[in-house]
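Visitor:
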């Protein structure tokens with residue numbers, strides 16, 4: 023149960039560390055004001071934290087208690103050794119988040135809310151906390167179903183939560199790692215360059231790289247795209263690229279008002295990618 027207390031503190035410490043380091047070693051040049059972004063992202067993050075603590079976490083823990091008491095869930099049925107149960111459960115939790123992320127892009131109602139995360143005009147560690155509170159609220163049903171279907175032990179669940187949050191901050195960060203190191207890391211975990219492609223304004227690139235902790239699910243489902251150099255990536259959503267779209271008020275009401283064409287710029291053009299700008303190997307991480 024100590025993880026319940028220490029996880030928020032550990033995540034905040036990681037945020038501060040990454041925030042400092044990414045300013046010294048930036049992966050992409052910022053094209054927008056930092057303070058205005060931090061204000062919007064900070065308020066959105068605060069609302070997310072409130073909803074998570076008051077709704078999502080209690081609901082997940084209640085479902086976890088029920089699953090444990092009833093011996094319900096896949097892991098209870100498999101009756102694996104403790105070490106094998108931990109590995110399988112950890113992988114299933116991460117795989118389920120891959121599917122949840124995919125659904126947030128494919129289902130129009132969910133995308134209305136998830137779009138608020140993607141319209142951030144820059145990508146850094148603060149984007150890892152920037153979500154609409156409505157998206158987090160809607161995720162409650164998924165989180166309850168996730169726990170009931172998989173049936174993880176409490177310790178495994180809480181440890182995955184810690185790794186999940188840490189991974190989210192890390193791969194959203196604007197941290198430039200040596201390319202050889204990142205290519206090696208990317209065989210094991212989702213990294214900043216990999217996830218930066220997911221935040222591209224080019225639609226096929228946005229519809230790739232859905233993994234949270236492990237990159238293997240994208241390889242398995244053929245949604246992996248690594249061959250776009252970071253210098254060629256424009257962050258955001260074309261239809262919501264105006265500074266007016268990123269005010270606090272607009273981000274709050276955006277899911278509830280009429281939606282524009284997400285992938286057309288105000289002048290009607292669409293962001294595309296010249297194939298000549300891509301690295302030859304699609305599944306080889308570009309610098």
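Residue numbers (the working numbering): 23 to 309. Glycine included, each C-beta is placed from N, C-alpha and C at the ideal position.
#1: Is it true that the CB of residue 143 sits closer than 9 angstroms to the CB of residue 79?
#2: Taking the beta carbon of residue 269 as the centre, do at least 16 other beta carbons fall within 10 Å, making it buried, or is it exposed?
#3: For the alpha helix (DSSP H) holding residue 285, just list the boundary residues, first then last.
#4: Select from 153, 107, 94 the residue whose C-alpha is nearest the C-alpha of residue 327.
#5: Indicate whether residue 305 and residue 249 have their beta-carbon atoms separated by less than 9 angstroms.
#6: Using only CA atoms, which one of 30, 47, 101, 106 lies nearest to residue 72?
#7: Helix or strand or just coil, what does DSSP make of residue 191?
#8: With H, G and I counted as helix, E and B as strand and the rest as coil, what does DSSP make of residue 52?
#9: With DSSP as the reference, identify every bridge partner of residue 257, one or two as the case may be.
#10: Hey, is the segment 193–206 in contact with the segment 176–185, meaning 3+ C-beta pairs nearer than 8 angstroms?
#11: With a threshold of 16 other CB atoms inside 10 Å of the CB of residue 53, please say whether the residue is buried or exposed.
#12: On the DSSP letters alone, give me the boundaries of the alpha helix (DSSP H) that residue 137 sits inside.
#13: Please classify residue 150 as buried or exposed, where buried requires at least 16 neighbouring CB atoms within 10 angstroms.
#14: Quick one: using the 10 Å Cβ neighbour count with 16 as the cut-off for buried, is residue 34 buried or exposed?
#15: For residue 62 and residue 93, I'd like the C-alpha separation in whole angstroms.
#16: Just mark residue 296 as buried or exposed, buried being the case when its beta carbon has 16 or more other beta carbons within 10 Å.
Guide: On the basis of the supplied data:
#1: Your numbering for residue 79 matches position 57 in the chain shown. Your numbering for residue 143 matches position 121 in the chain shown. For residue 79 and residue 143, no; Cβs fall outside 9 angstroms.
#2: Here the question's residue 269 lines up with position 247 in the chain shown. Residue 269 counts as exposed, since fewer than 16 other beta carbons sit within 10 angstroms of its beta carbon.
#3: Locating residue 285 in the chain shown gives position 263, counting from the first residue. For residue 285, no alpha helix (DSSP H) encloses it, and the DSSP letter there is neither H nor E.
#4: No information on residue 327 is available, as it lies outside the stretch 23 to 309 that the chain covers here.
#5: In the chain shown, residue 305 corresponds to position 283, counting from 1. In the chain shown, residue 249 corresponds to position 227, counting from 1. The answer is yes: Cβ separation under 9 angstroms.
#6: Stepping through the chain shown from its first residue, residue 72 is reached at position 50. Taking the Cα of residue 72 as reference, the smallest distance to any Cα among 30, 47, 101, 106 is reached at 30.
#7: Position 169 of the chain shown holds residue 191. Reduced to three states, the DSSP call for residue 191 is helix.
#8: Here residue 52 is taken as the residue at index 30 of the chain shown, counted from 1. In the structure shown, residue 52 sits in coil (DSSP, three-state: anything other than H, G, I, E or B).
#9: As a working note, residue 257 is residue 235 in the chain shown. For residue 257, DSSP records a beta bridge to 222.
#10: No, they do not touch.
#11: In the chain shown, the residue the question calls residue 53 occupies position 31. With fewer than 16 Cβ atoms within 10 Å of its Cβ, residue 53 is classed as exposed.
#12: Position 115 of the chain shown holds residue 137. Counting along the chain, the unbroken alpha helix (DSSP H) around residue 137 starts and ends at 130–140.
#13: Taking the first residue of the chain shown as position 1, residue 150 is located at position 128. Residue 150 is buried by the Cβ-count criterion.
#14: Along the chain shown, read from residue 1 onward, the residue named residue 34 stands at position 12. When all chains shown are included, residue 34 counts as exposed.
#15: Position 40 of the chain shown, counted from the first residue, corresponds to residue 62. Position 71 of the chain shown, counted from the first residue, corresponds to residue 93. Using only the alpha carbons, I get a separation of about 43 angstroms.
#16: Your numbering for residue 296 matches position 274 in the chain shown. So residue 296 counts as exposed.
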